[in-house]
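Respectively, the protein sequence lines represent chains R and U.
For the first sequence, the numbering used here assigns the number 406 to the initial residue and increments by one for each residue that follows.
For the second sequence, the numbering used here assigns the number 2 to the initial residue and increments by one for each residue that follows.
What follows is a short report on a single structure.
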Amino acid sequence: MTLSTSQLEKIQVHIGEYLNVPGALLPLMHAIQDDLGFVPEESYKPISKAYNLSVAEIHGFVTFYHHFRTHLPGKNILQICRAESCQAMGSENIENYCQEKLGIDYHQTTKDNSITLEPVYCLGNCACSPAIMINEDVVGRVTPEKIDQIIKEARES
Amino acid sequence: MSYKIFIPRDSSSISLGADKVYQEISNESKKRNIDINIIRNGSRGLFWLEPMIEVETSKGRVAYGPVTISDITSLFDNEFFLGNKHPLCLGVTEDIKWLKNQERLTYARVGITNPVSIDDYEGLDGFKGLKNSLKLSQENIVKEIADSGLRGRGGAAFPTGIKWKTVLDAPSEKKYIVCNADEGDSGTFSDRMIMENDPFVLIEGMIIAGLAVGADQGYIYLRSEYPHALEILNEAIDIALKKGYLGKNILGSDFSFNLEVTRAAGAYICGEETSLLESLEGKRGMVRYKPPLPAIEGLYGKPTVVNNVISLATVPIIMDKGASFYANFGMGRSKGTLPIQLAGNLKQTGLIEKAFGISLRELLYDFGGGSATGKPIKAVQVGGPLGAFLPEEQFDTPLDYEKFSEIKAVVGHGGIVAFDDTVDMSKMARYSFEFCAIESCGKCTPCRIGSTRGMEVIDKIKGGIEQEKNVSLLRDLGDTMVNGSLCAMGGMTPFPVISALNFFPEDFGLEKTETSA
């Protein structure tokens, strides 16, 4: 994938923003992902130059953290909690329901590009299990009916 | 006159519809021309009753819950804003048994105040601990914390006073306070509740920590799964800065302290303190060798206090009311209170702050009301994904660091996840390995490879392949991981696995006798 000029410019701006910040890579990658929706591999070279690190180090950093993506996701990100508390309240059914309904597995995006499905290990909503997160909104005590509604809204957005 | 109504803004309350309830109540009051003043308070932590709204009356606050938008019309018809009767009315909030039977010290303000109102915070003893501390020498602040018996609430239970003393005594121009807010354990949400519902208490605790050890910079390393907490913390930090509690010359003293929130990026391992420090420095979160301890060589090689949210948020009340006040709660060497989080398959889930010593049975049945599904509780996991599974015969164990350690279990961060009798414990054991394989930093072999091999061995046992040989291999693998891993990730993953095997062999397709160690 080739980046547009405006995307490259944005990356350069963020690189500049964090040049003198200690521990810059963490806030820098967040800034890039918040802005572009992902951390493109094309950004590794300019970052490595500016921060005097190797491209391998940048790649190693980005791929260590589950939160960072190197590819553009769908319009909405649906995260399903797979941790113990949600399992105790039937999250496996929710996982299966979502995967079947959307026709995709984890880390995949629906054909219409509306939803990317991701697993997550605890949303801190364990008193309201099972829980999911749609973009930045947590939903508790999820049922297939609630999932239907969430998917419908995501597809219409 | 205007009626005061409280609707929580805690993210769990919102996940159950609190924002919609807020919108609807606000619309309905306009429609009916009733003058109400809505305050977005924190949650009291009674999550089976959320969204729980409260009304201020002459008797105190009266609660209603769980409120859905379809209840709003009837609430208004019954004039709930006067504290009137309604099927959802729970009576005076403070009289609800669940709340009454707690000892809320760290959580004294949680659910009562507007989280970002510094006036609310100051009005309920806020910043008293800091003001007292400013009059003390550094040694005396550290002594007070040590005398309180406070131990690391993240899970390791290391005495906070000793950690602070080490950092205080380490000679360095630059020192750091790092708050570990990477609350990744399933079944835990007490850090999140402090940050979202009483952020100033964490800020105050960090300022006192900085003052005590001579650090002028603090970082809150916050997990990326908590966007709501991020927003509230940043808002609270800005307010504290404007009010002179942060920044240069705090409250006119010569002490200065700067505080920032750093967003983590979804790696469970970064809850381990050395991995957290690597991550804060902008590197992969690879675990460091210890020694040197972070207290001697921590962030950027400088002496660093790394404390959990709850440890730091408990500091203000100790410095306000004194070490002996706090130490009078609890049992044995487990002093004070623990925020316990009831989660998973329970009727009544939520946050309970209690002195150490309460039994699991009391928590599961008296507070929790038994399982949500009405089936028998088969097992509970205490202390997150690295904690042992406990069967019913261990439910009388009192919550105490040492008593738990005697039965090879951990209190950890105080999360309790209950499972009913439909759970397949071999599946849970396999999941423990799977989780370890996903989240391992990869630095040491037992954790990186052992986790994957462990899944395979469990599959073989379940498949009836050379069961005796594979059970002994599984125990051997557990031993290697416990004794050969650098940190708790690999070192504790065998706890849930082996406890599941010991107590629930039938789920692995084994006879009870085959598995006895």
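Every residue, glycine too, gets a C-beta built ideally from N, C-alpha and C.
- Taking CB atoms only, residue 440 (chain R) has no neighbour in chain U less than 9 Å away.
- Between the stretch 302-310 of chain U and the stretch 157-177 of chain U, the count of C-beta pairs closer than 8 Å reaches three or more; the two stretches touch.
- Here residue 560 (chain R) carries a helix assignment [DSSP, helix/strand/coil].
- For residue 265 (chain U), same chain residues with a beta-carbon under 7 Å away, outside a window of 5 residues either side, are 183, 222, 223, 224, 225, 271, 280 in chain order.
- The beta carbons of residue 203 (chain U) and residue 131 (chain U) sit no closer together than 9 Å.
- Taking C-beta atoms as the reference points, residue 57 (chain U) and residue 64 (chain U) fail to come closer than 9 Å.
- The C-beta of residue 503 (chain R) comes no closer than 9 Å to any C-beta of chain U.
- Counting only residues of its own chain and dropping the five nearest sequence neighbours on each side, residue 86 (chain U) has a CB closer than 7 Å to the CB of 79.
- Residue 62 (chain U) has its alpha-carbon roughly 6 Å from the corresponding atom of residue 94 (chain U).
- Under the DSSP assignment, residue 379 (chain U) falls in the beta strand (DSSP E) whose first and last residues are 378-383.
- Interface residue (Cβ-Cβ distance to chain R less than 9 Å): residue 301 (chain U) is classified as such.
- Counting the other Cβ atoms within 10 Å of the Cβ of residue 481 (chain R) gives 16 or more, which makes it buried.
- Contact between the stretch 397-406 of chain U and the stretch 326-339 of chain U is present: three or more C-beta pairs spanning the two stretches fall below 8 Å.
- At a cut-off of 9 Å, the C-beta of residue 229 (chain U) has a neighbouring C-beta in chain R.
- If you compare the alpha carbons of U:493, U:419, U:403 with that of residue 491 (chain R), the shortest gap goes to U:419.
- Using a CB distance cut-off of 9 Å, residue 451 (chain R) does not count as an interface residue toward chain U.
- Measuring C-alpha to C-alpha distances from residue 6 (chain U) to each of U:356, U:409, U:32, U:77 identifies U:77 as the nearest.
- In the structure shown, residue 491 (chain R) falls within a helical segment according to DSSP collapsed to helix, strand and coil.
- Interface with chain R (9 Å Cβ-Cβ cutoff): residue 346 (chain U) is included.
- Residues are counted here when their Cβ sits less than 7 Å from a Cβ of chain R; for the stretch 71-94 of chain U the count is zero.
- Listed along chain U, the residues sitting closer than 7 Å to residue 525 (chain R) by beta-carbon distance are 226.
- Within 7 Å of the CB of residue 447 (chain R), no CB atom of chain U is found; the nearest one sits about 20 Å away.
- The Cβ of residue 49 (chain U) sits closer than 9 Å to at least one Cβ of chain R.
- Within the stretch 300-336 of chain U, complete alpha helix (DSSP H) segments of at least 4 residues are found at 310-322, 324-328, given in chain order.
- Contact holds between the stretch 115-129 of chain U and the stretch 234-247 of chain U, because three or more Cβ pairs, one in each stretch, are under 8 Å apart.
- Of all alpha-carbon atoms in U:230, U:449, U:181, U:248, the one lying nearest the alpha-carbon of residue 208 (chain U) is that of U:248.
- Residues of chain R with a Cβ closer than 7 Å to the Cβ of residue 427 (chain U) do not exist, since the nearest Cβ in that chain sits about 13 Å away.
- Put simply, the CB of residue 472 (chain R) is near chain U, with a gap under 9 Å to one of its CB atoms.
- DSSP, read as helix, strand or coil, puts residue 446 (chain R) in helix.
- Rounded to the nearest angstrom, the Cβ distance from residue 499 (chain R) to residue 552 (chain R) is 7 Å, consistent with a contact under 8 Å.
- With 16 or more other CB atoms across the displayed protein chains lying within 10 angstroms of its CB, residue 530 (chain R) is buried.
- Here the alpha carbons of residue 442 (chain R) and residue 419 (chain R) stand approximately 14 Å from one another.
- The Cβ atoms of residue 473 (chain U) and residue 409 (chain U) do not sit closer than 9 Å to each other.
- In the structure shown, residue 531 (chain R) adopts helical secondary structure according to DSSP, grouped into three states.
- In this structure, residue 505 (chain U) places its C-beta atom within 9 Å of the C-beta atom of residue 427 (chain U).
- Under DSSP, residue 538 (chain R) shares a beta bridge with R:484, R:543.
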